[in-house]
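Colleague: Line by line, the protein sequences are chains L and V.
So my numbering is basically just the index in the first sequence, starting at one, shifted up by 1.
So my numbering is basically just the index in the second sequence, starting at one, shifted up by 553.
Here a beta-carbon is modelled for each residue, glycine too, at the ideal position from N, C-alpha and C.
None of the values given here were measured: they were computed from a predicted structure.
I am attaching a structure below and will ask some questions about it afterwards.
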Amino acid sequence: MIDKDLADKITAYLVHCYPDANDLSVDELSRIHGGASRETYALTANWSQGGETVSKPLIFRRDPTTGLIETERDVEFAAYRAFHGSVPVPEPLFLETDPKWLDRPFFVMERILDGQVGSPFAADNYGDHAAAIGESFWRYLGDIAANQDAVLALAGVLPAVAPNECWSRELDYWENEIDRHELEPQPLVRAAIRWLRANPPPPPAQVTVVHGDYRTGNFLHDGAGDILALLDWEMVHLGDPLEDIAWAIDPMWCWFNRDRPGLMISREEAITIWEQASGLTVDNVALHWWELFSQVKGLAIWITAGETYEKSDNKDAVLAFSSLVCTDIHNQVLAEKMPKLLGMEG
Amino acid sequence: MRPEVGQYLLQSAQKLAGDLASNQPNDYDAATLRTYALLNMFSAVDHDRGADLRVWENDAMRELFAMAAQIVLEQSLADRLLEAGASADKSLRISDLNEAGDALRALLFDLQASLEGTDDQALADLHRESWAFLCEATKRRALPLMPM
Numbered sequence: 002m003i004d005k006d007l008a009d010k011i012t013a014y015l016v017h018c019y020p021d022a023n024d025l026s027v028d029e030l031s032r033i034h035g036g037a038s039r040e041t042y043a044l045t046a047n048w049s050q051g052g053e054t055v056s057k058p059l060i061f062r063r064d065p066t067t068g069l070i071e072t073e074r075d076v077e078f079a080a081y082r083a084f085h086g087s088v089p090v091p092e093p094l095f096l097e098t099d100p101k102w103l104d105r106p107f108f109v110m111e112r113i114l115d116g117q118v119g120s121p122f123a124a125d126n127y128g129d130h131a132a133a134i135g136e137s138f139w140r141y142l143g144d145i146a147a148n149q150d151a152v153l154a155l156a157g158v159l160p161a162v163a164p165n166e167c168w169s170r171e172l173d174y175w176e177n178e179i180d181r182h183e184l185e186p187q188p189l190v191r192a193a194i195r196w197l198r199a200n201p202p203p204p205p206a207q208v209t210v211v212h213g214d215y216r217t218g219n220f221l222h223d224g225a226g227d228i229l230a231l232l233d234w235e236m237v238h239l240g241d242p243l244e245d246i247a248w249a250i251d252p253m254w255c256w257f258n259r260d261r262p263g264l265m266i267s268r269e270e271a272i273t274i275w276e277q278a279s280g281l282t283v284d285n286v287a288l289h290w291w292e293l294f295s296q297v298k299g300l301a302i303w304i305t306a307g308e309t310y311e312k313s314d315n316k317d318a319v320l321a322f323s324s325l326v327c328t329d330i331h332n333q334v335l336a337e338k339m340p341k342l343l344g345m346e347g
Numbered sequence: 554m555r556p557e558v559g560q561y562l563l564q565s566a567q568k569l570a571g572d573l574a575s576n577q578p579n580d581y582d583a584a585t586l587r588t589y590a591l592l593n594m595f596s597a598v599d600h601d602r603g604a605d606l607r608v609w610e611n612d613a614m615r616e617l618f619a620m621a622a623q624i625v626l627e628q629s630l631a632d633r634l635l636e637a638g639a640s641a642d643k644s645l646r647i648s649d650l651n652e653a654g655d656a657l658r659a660l661l662f663d664l665q666a667s668l669e670g671t672d673d674q675a676l677a678d679l680h681r682e683s684w685a686f687l688c689e690a691t692k693r694r695a696l697p698l699m700p701m
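Here it is as C-alpha cells:
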C-alpha cells in the first residue's frame, strides 16, 4: 500500500507545477517495477481547468536511498528530452532536485497507457509479433546511434569521450564497481577483464549516444506489434554504439531461447536492420569484444545488487534475485566463452 | 530436522507465489512475493546440495594448488599454493566452507593471472586444469532455472 503521506506530497507538488489547476487530486497511485535503481510510481492526476476536466497519467521516478546502480536523474531526464519526438519515449515533464517535496530528488514524465513489458526470463514474449517488434526494436536502436543532434543536446550533461577511449572508460568504470562491491572473489569475471584489456577493440567510426540498458524488459509494446516507449535511460552515456548492440543481444535477455536475441529476431536480421537505420557498419571483432564486455558489465551490476541487499537497508527482492540468478547466468556464459578465447578448446 | 527444510521452503514458495501474490492489491507487491517465492526455491536447492558443492570445490582447488606448487616458478606464489593445498575446511558449516572457498578462489585468481600467456607446456597444462575446474564448478553451481 502507498501511504497517504506520499499521495499528499505528490498532490502538493503537482499543485505547484500546475498553478492554474483547480481541485487537483491524485488517483490510482501505486508503486511499479521500473528498474531497481529508482523508485517508480504510477498515478493519474485529475483536475479542472477553464471549465474542462483534465486527466493526466504520470510516472514519478524518485531517487532511491540505495539502488542497483548509481545514476544521475538529471542525465536520464535529459535523455528523454533529447530523444522525445525522434524515437518513442515518454514525454519528460518536470525535474525536481529539491528534497522538500518527496524527501529525495525525482522527475516526472508522461505515463504510457496499456503498454506491456516482456520478461527476459520467458521462453517467448511476443508470439506472432516477435518479428514486427524486433524490426522496430533494432531500427530504433539504429536511429539512436544515428542521432548526432542528440549527442550535441546531451553534451552538457554527458562527459565527452574520444573514439579510442570508449572501451577503456567503460571497462575502467565497471571494473571499479566490481572492486568496490565484490562480496567474494570472482575469478571468471576477473579473467574476462584481463582478456578485454589485453585485446582492445578497434574504435568506433563515430561516438554516439549509448542508451546503456537497451534490452527486452526495458520497452513497452502494445501487444499487437508496435513499440510504444523505450524506457530506463538511466545508464545513458556517450560511447561506442556497438555497446548497445552487444547488451541487447546478450544471452541474459533470451536465456531460454538463445537463437533469438531479446526473444525477437535472429542476430543476423537484427544487425542488418541496425546497419540500415544507423548508416553504420558493424565490425565483428569489435562487437565480440563488446559482447564479452556486456557480461562483465552485467556481473558488475549483479555483484553490486548482492552487496546492496546484504549491506544496506534496501531489501528489494529484485536485488537478491539479480545477485543470485543473473550472476549465475552470466558466469555460465563466461565459462562457455573464456576457455575458447584463451585457446584451450579444440 | 523434520519436515525437511527443502520441503517447507518449497511449500512457502508455493504459498507466496499462489494465494498470497494473487491477493495483493497492486502488481508491485505481487511481483515482490513471486520473486521471494523463487528465492525460497533456490534456497531449498542450496540447502540440499550446498555443503556437498562447496566441499567438492574446496577440495578440487586444494588438489590443483598442491600440484601447482610443484610447477609454478615464482617462489612466493608457490609457497602460498603449497600452504593452501595442505589446508582443510574448519567445519562443514556453510559459513566456514564459504570463508575457506573465498580464500581459495582468491588464490585461484592469482594463479590464473600468473599462467596466462605462458609458453611452458607444464604451466599451460596447469592453466588448462584450472579452467577445467572453474567451468565444472560453474556447471555444478548452475541454478535449476525454468522459463517464467
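State buried or exposed for Gly347 (chain L), treating a residue as buried only when at least 16 other CB atoms are found within 10 Å of its CB.
Modeller: Since pLDDT at Gly347 (chain L) reaches only 49, below the 50 mark, its modelled position is unreliable, and the value read off the structure follows with that caveat. Gly347 (chain L) should be labelled exposed.
Colleague: Any Cβ of chain L within less than 8 Å of the Cβ of Arg658 (chain V)?
Modeller: It does: the Cβ of Arg658 (chain V) has a partner Cβ on chain L nearer than 8 Å.
Colleague: Do Gly213 (chain L) and Ser238 (chain L) count as a contact pair if the criterion is CB distance below 8 Å?
Modeller: For the record, residue 238 (chain L) in the displayed sequence is His; it is not Ser. Going by C-beta atoms, His238 (chain L) is nearer than 8 Å to Gly213 (chain L).
Colleague: Classify Lys643 (chain V) as buried or exposed, calling it buried when 16 or more other Cβ atoms lie within 10 Å of its own Cβ.
Modeller: So Lys643 (chain V) ends up on the exposed side.
Colleague: May I have a chain-ordered list of the beta strand (DSSP E) segments no shorter than 3 residues that lie completely inside the segment 47-99 of chain L?
Modeller: 53-63, 93-97, all fully within the segment 47-99 of chain L.
Colleague: Rounded to the nearest angstrom, what separates Arg646 (chain V) and Asn611 (chain V) at their Cα positions?
Modeller: In a straight line, the C-alpha of Arg646 (chain V) is about 13 Å away from that of Asn611 (chain V).
Colleague: Excluding five sequence neighbours on each side, which residues of the same chain lie with their C-beta closer than 6 Å to the C-beta of Gln665 (chain V)?
Modeller: Cβ neighbours of Gln665 (chain V) beyond the five flanking positions: Ser683.
Colleague: Exposed or buried, which one is Tyr174 (chain L) when buried takes at least 16 other CB atoms within 10 Å?
Modeller: By the neighbour-count rule (16 or more Cβ atoms within 10 Å), Tyr174 (chain L) is not buried but exposed.
Colleague: Decide yes or no for the touch test of the segment 197-215 of chain L against the segment 53-67 of chain L: beta carbon pairs closer than 8 Å, at least 3 of them.
Modeller: The answer is no - the segment 53-67 of chain L does not touch the segment 197-215 of chain L, with fewer than three Cβ pairs under 8 Å.
Colleague: Report yes if the CB atom of Trp291 (chain L) is closer than 8 Å to the CB atom of Ala247 (chain L), and no otherwise.
Modeller: It is a contact, given that the beta carbons lie within the stated cut-off.
Colleague: So if DSSP puts Leu44 (chain L) in a beta bridge, which residue, or which two residues, is it bridged to?
Modeller: In DSSP, Leu44 (chain L) forms a bridge with L:Leu59.
Colleague: Around the C-beta of His222 (chain L), are 16 or more other C-beta atoms found within 10 angstroms, so that it is buried, or is it exposed?
Modeller: Burial call: buried.
Colleague: Can you pull out the residues from the segment 554-573 of chain V whose beta carbon lies closer than 9 Å to at least one beta carbon of chain L?
Modeller: Within the segment 554-573 of chain V, no residue qualifies.
Colleague: Please name the residue or residues paired with Val211 (chain L) in a DSSP beta bridge.
Modeller: Note: Val211 (chain L) sits in a beta bridge opposite L:His238.
Colleague: Starting from Arg32 (chain L), follow the beta strand (DSSP E) in both directions and report where the run begins and ends.
Modeller: Element bounds for Arg32 (chain L): 23-33.
Colleague: Assuming Phe220 (chain L) is part of the beta strand (DSSP E), what are its boundary residues?
Modeller: Residues 220-222.
Colleague: By alpha-carbon positions, which one of L:Leu335, L:Asn285, L:Arg261, L:Ala225 ends up nearest to Ala133 (chain L)?
Modeller: Among L:Leu335, L:Asn285, L:Arg261, L:Ala225, the Cα nearest to that of Ala133 (chain L) belongs to L:Ala225.
Colleague: What separation, rounded to the nearest whole angstrom, lies between the Cα atoms of Asp99 (chain L) and Leu114 (chain L)?
Modeller: Rounded to the nearest angstrom, the two C-alpha atoms are 28 Å apart.
Colleague: Please state whether the Cβ-Cβ distance between Glu111 (chain L) and Glu92 (chain L) is less than 8 Å.
Modeller: In this structure, Glu92 (chain L) lies closer than 8 Å to Glu111 (chain L) by Cβ.
Colleague: Based on the DSSP output, what are the partners of Gln117 (chain L) in its beta bridges?
Modeller: Gln117 (chain L) is bridged to L:His222.
Colleague: Could you work out which residue in L:Ala80, L:Pro65, L:Arg268 is closest to Asp104 (chain L) when comparing CA atoms only?
Modeller: When each option's Cα is compared against that of Asp104 (chain L), the closest is L:Pro65.
Colleague: At a CB-CB cut-off below 8 Å, which residues of chain L make contact with Asp580 (chain V)?
Modeller: Ser31, Ile33, His34, listed in chain order.
Colleague: Rank L:Gly157, L:Phe220, L:Asp6, L:Ala13 by C-alpha distance to the C-alpha of Asn47 (chain L) and give the top, closest one.
Modeller: Taking only the C-alpha atoms, the option nearest Asn47 (chain L) is L:Ala13.
Colleague: Assign Val385 (chain L) to one of two classes, buried (16 or more other C-beta atoms within 10 Å of its C-beta) or exposed (fewer than that).
Modeller: There is simply no residue 385 (chain L) to check, as chain L begins at 2 and stops at 347 in what is shown.
Colleague: What in chain V is Cβ-close to Ala123 (chain L), meaning under 8 Å?
Modeller: Those are Pro700, Met701, listed as they occur along chain V.
Colleague: Helix, strand or coil, according to DSSP, for Glu136 (chain L) in the structure here?
Modeller: Looking at Glu136 (chain L) - three-state DSSP - the assignment turns out to be helix.
Colleague: On the DSSP bridge list, what partners appear for Val109 (chain L)?
Modeller: According to DSSP, Val109 (chain L) bridges with L:Phe61, L:Phe95.
Colleague: Along the chain, which unbroken stretches of the alpha helix (DSSP H) at least 4 residues long are found entirely within the segment 646-695 of chain V?
Modeller: Here the runs fully enclosed are 647-668, 674-694.
Colleague: Could you please give the first and the last residue of the uninterrupted alpha helix (DSSP H) stretch that includes Ile11 (chain L)?
Modeller: Where Ile11 (chain L) is concerned, the enclosing alpha helix (DSSP H) stretches over 5-18.
Colleague: Which residue wins for smallest C-alpha separation from Glu636 (chain V), given the options V:Gln564, V:Ala621, V:Thr585?
Modeller: Ranking the options by Cα distance to Glu636 (chain V), first place goes to V:Ala621.
Colleague: Assess contact between the segment 153-163 of chain L and the segment 623-632 of chain V, defined as three or more Cβ pairs (one per stretch) separated by less than 8 Å. Is contact present?
Modeller: At 8 Å Cβ cutoff, the stretches do not touch.
Colleague: Three or more C-beta pairs under 8 Å: does that hold for the segment 570-580 of chain V against the segment 293-304 of chain L?
Modeller: Too few Cβ pairs lie closer than 8 Å, so no.
Colleague: Give the secondary structure of Leu1 (chain L) by DSSP, where H, G and I count as helix, E and B as strand, and everything else as coil.
Modeller: Any question about residue 1 (chain L) goes unanswered here, given that chain L covers just 2 to 347.
Colleague: From Leu562 (chain V) to Asp601 (chain V), what distance separates their C-alpha atoms?
Modeller: Cα to Cα, the separation comes out at about 11 Å.
Colleague: Just the C-alpha distance for Ala659 (chain V) and Asn200 (chain L), rounded to the nearest angstrom, thanks.
Modeller: Those two C-alpha atoms are separated by around 24 Å.
Colleague: Tell me, please, whether the CB atom of Phe662 (chain V) is closer than 8 Å to any CB atom in chain L?
Modeller: Yes, Phe662 (chain V) counts as interfacial toward chain L.
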